[in-house]
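The working numbering runs 13 ahead of the 1-based position in the sequence shown.
Where is the CB? At the ideal position from N, CA and C, for every residue including glycine.
Report on the following structure.
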Amino acid sequence: MEVIAGMSISKGEARKLLQERGLRVTAPRLSVLRVLAEAENPLSYTEVLRRLGEADCCPTTIYRNLVKLRDAGVAPVVSREEGVDRYALAGARDDGHRHPHFVCDTCSQVSCLPAELGASIAMDGPWAASIQKAALHLRGECPDCR
Ligand SMILES: [Zn+2]
Ligand SMILES: [Zn+2]
């Protein structure tokens, strides 16, 4: 199934996504999936909670379900800046979030940056084959805060 970042996901699509991974369809899981699908950027647990607003279940339930979705590969952690895990819907970005991320010092939002920014970091020599994964984070003030 194709999911595009920043797009809303229908209940049917969310249900299908859960069933494909052998997960039970529950209201909190559908809510978490909806929030992650609508987000342009990876979200932390706190950001998911904030976006859910007046949720009809408690924060611990949301946390447990987020972890469950992570473990099932539906919502992998794509950023670990400052020790905060941020989740995104699997497959929503073609490159699996291997592009650089921007961390705002003011609002702490993590944003996805174009992949080309990271592509210029290429290596030759013995280290080239050793690097399997890069996590590039840039810092500063995001356009919304500036
Ligand atoms: Zn900001
Ligand atoms: Zn990203």
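- If the five residues before and after Ser92 are omitted, its C-beta is found closer than 6 Å to the C-beta atoms of Pro55, Arg99, His114 and Val123, all from its own chain and listed in chain order.
- Within 7 Å of the C-beta of Gln32 there is not a single heavy atom belonging to ligand 1.
- Of Glu129, Gly138, Leu36 and Ser21, the smallest CA-CA separation from His110 is found for Glu129.
- Assigned with DSSP and collapsed to three states, Leu56 falls in strand.
- Per the coordinates, the alpha-carbon of Arg159 lies some 13 Å from the alpha-carbon of Val116.
- Within the DSSP secondary-structure output, Val123 pairs in a beta bridge with Val116.
- DSSP places Leu151 within a strand segment (E or B) once states are collapsed to three.
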